[in-house]
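**Q**
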Amino acid sequence: MKKIRVTVPEDIWRLMKNDIDEFGINNNKLCNYILDKLKYNKEINVEKDLEIQGRPLKKIVQFDLNVANKEIYYDILRENKVEVEAEYFRELFEIYCSKFKYLRELFVFEDKVRAIMEAIKNKRKVKLKYLGKVSTVDPYFIKREEQGDENYLFCYDEKTGEYHNYKLKELIVVSSLDEKIRGKDKKYVEHVRKNFDPFLGNGNFVKVRFTPNGEVLYKSLTNYRPKLIKKEGDLFTFETSNENAKLYFRQFLKDAVIVEPEGLREEIKADFLEAYRSY
Numbered sequence: 025m026k027k028i029r030v031t032v033p034e035d036i037w038r039l040m041k042n043d044i045d046e047f048g049i050n051n052n053k054l055c056n057y058i059l060d061k062l063k064y065n066k067e068i069n070v071e072k073d074l075e076i077q078g079r080p081l082k083k084i085v086q087f088d089l090n091v092a093n094k095e096i097y098y099d100i101l102r103e104n105k106v107e108v109e110a111e112y113f114r115e116l117f118e119i120y121c122s123k124f125k126y127l128r129e130l131f132v133f134e135d136k137v138r139a140i141m142e143a144i145k146n147k148r149k150v151k152l153k154y155l156g157k158v159s160t161v162d163p164y165f166i167k168r169e170e171q172g173d174e175n176y177l178f179c180y181d182e183k184t185g186e187y188h189n190y191k192l193k194e195l196i197v198v199s200s201l202d203e204k205i206r207g208k209d210k211k212y213v214e215h216v217r218k219n220f221d222p223f224l225g226n227g228n229f230v231k232v233r234f235t236p237n238g239e240v241l242y243k244s245l246t247n248y249r250p251k252l253i254k255k256e257g258d259l260f261t262f263e264t265s266n267e268n269a270k271l272y273f274r275q276f277l278k279d280a281v282i283v284e285p286e287g288l289r290e291e292i293k294a295d296f297l298e299a300y301r302s303y
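One rule links them: number in this note's numbering = place in the sequence shown (from 1) + 24.
1) For residue 70, which three-state DSSP category applies?
2) Assign residue 175 to one of three DSSP states: helix, strand, or coil.
3) Indicate the three-state DSSP secondary structure (helix, strand or coil) for residue 302 in the structure shown.
4) Within the chosen definition, does the segment 181-190 reach the segment 135-147 through at least 3 CB pairs nearer than 8 Å?
5) Assign residue 205 to one of three DSSP states: helix, strand, or coil.
6) Would you list the residues sitting across from residue 163 in a DSSP beta bridge?
7) Helix, strand or coil for residue 107? Go by DSSP, reduced to three states.
8) State the CB to CB distance for the pair residue 194 and residue 226, rounded to an integer number of angstroms; the pair is presumed to be in contact (CB under 8 Å).
9) Could you check the C-alpha separation between residue 237 and residue 295 for me, to the nearest Å?
10) What's the C-alpha gap between residue 242 and residue 250?
11) How about residue 179 and residue 158: do their beta carbons lie closer than 7 Å?
12) Rounded to a whole number of angstroms, what is the C-alpha to C-alpha distance between residue 106 and residue 112?
13) Measuring straight from C-alpha to C-alpha, what distance separates residue 140 and residue 201?
14) Would the beta-carbon of residue 52 fall within 7 Å of that of residue 44?
15) May I ask which residues mark the beginning and end of the beta strand (DSSP E) holding residue 190?
16) What's the gap between the Cα of residue 246 and the Cα of residue 97?
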């Protein structure tokens, strides 16, 4: 038996791992299937298999050129040797949509990302506005959430003395400051980077009891799915923050019951009772 060993970017590894979990197949089957189907033709054209049920639905994208693009629009067409405008824009949109969601977010907020990365490179503090609140922070790194596919800035707010993960799309860079970042808690920062959790739930454990249907749902619901530590029959132990546990397990209703911690169990119970009264 020939063993293949390949080093791939973390994003590719996680994407394939998620597909293995969601599609109910093992690693060997997926890797061999990819080789079998793409060994001589490195294209995936499964859309053609669906053509028997009719042409795919189409929608129109319509927009107005801004001043900057309007001034050079015909130069753009000429330099790219564009004969059909619609085909040119379809290609641009396909390039954009072919990227992972987190890469599209980095692309859309590229100016913001560059300002933050420049501050990180020079070890400078940054003044940010997040959810209406302005604060000065020590920026450490930008990293995406493994399942939810959103980007976060991990930083330290000296005023509150707390570490935070701020969603990239919801923060505004007010300015980069001349004040230097203090080199503190390097081991903690590196631990968070390697074991990234946007809710900073490291060291907090939540026990959940699943019904058989709950276990099926658990395998398919991957967005913000907590890190599984241990499974004993129908009792699962996760390392996650209470906030993440509430976000993820509320969608299971009766199929996932919080056993511990007691405070979280009572909090979710109160939420369900309030929802019940609303109906």
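We put the CB at the ideal spot given by N, CA and C, even for glycine.
Since the structure is predicted, the reported quantities are computational estimates derived from the model, not experimental observations.
**A** Taking the geometry as given:
1) One-based indexing of the sequence shown puts residue 70 at position 46. Looking at residue 70 - three-state DSSP - the assignment turns out to be helix.
2) Stepping through the sequence shown from its first residue, residue 175 is reached at position 151. Here residue 175 sits in strand by DSSP.
3) Counting from one through the sequence shown, the residue named residue 302 turns up at place 278. If DSSP states are grouped into helix, strand and coil, residue 302 belongs with the helices.
4) no
5) Residue 205 sits at position 181 when you count from the first residue of the sequence shown. Three-state DSSP puts residue 205 in coil, outside helix and strand.
6) Translated into the one-based positions of the sequence shown, residue 163 becomes position 139. Residue 163 pairs with 179.
7) For the purposes of this step, residue 107 is taken as residue 83 along the sequence shown, with counting starting at 1. DSSP places residue 107 in coil when its eight states are reduced to three.
8) As a working note, residue 194 is residue 170 in the sequence shown. As a working note, residue 226 is residue 202 in the sequence shown. Contact flag wrong, Cβ pair sits at about 23 Å.
9) Start at 1 with the first residue of the sequence shown, and residue 237 comes out as number 213. Start at 1 with the first residue of the sequence shown, and residue 295 comes out as number 271. Rounded to the nearest angstrom, the two C-alpha atoms are 22 Å apart.
10) Reading the sequence shown from its first residue, position 218 is the one you call residue 242. Reading the sequence shown from its first residue, position 226 is the one you call residue 250. Each residue's alpha carbon lies about 10 Å from the other.
11) As a position in the sequence shown, residue 179 is number 155, starting the count at 1. As a position in the sequence shown, residue 158 is number 134, starting the count at 1. Against a cut-off of 7 Å, the Cβ pair of residue 158 and residue 179 comes out as no contact.
12) Taking the first residue of the sequence shown as 1, we reach residue 106 at position 82. Taking the first residue of the sequence shown as 1, we reach residue 112 at position 88. Using only the alpha carbons, I get a separation of about 7 Å.
13) Your numbering for residue 140 matches position 116 in the sequence shown. Your numbering for residue 201 matches position 177 in the sequence shown. Going by the C-alpha atoms only, they are around 11 Å apart.
14) Here residue 52 corresponds to residue number 28 of the sequence shown, with the count starting at 1. Here residue 44 corresponds to residue number 20 of the sequence shown, with the count starting at 1. Going by C-beta atoms, residue 52 is not nearer than 7 Å to residue 44.
15) The count along the sequence shown starts at 1 and reaches residue 190 at position 166. Residues 186-191.
16) By 1-based counting over the sequence shown, the position of residue 246 is 222. By 1-based counting over the sequence shown, the position of residue 97 is 73. Taking the straight line from one Cα to the other gives about 43 Å.
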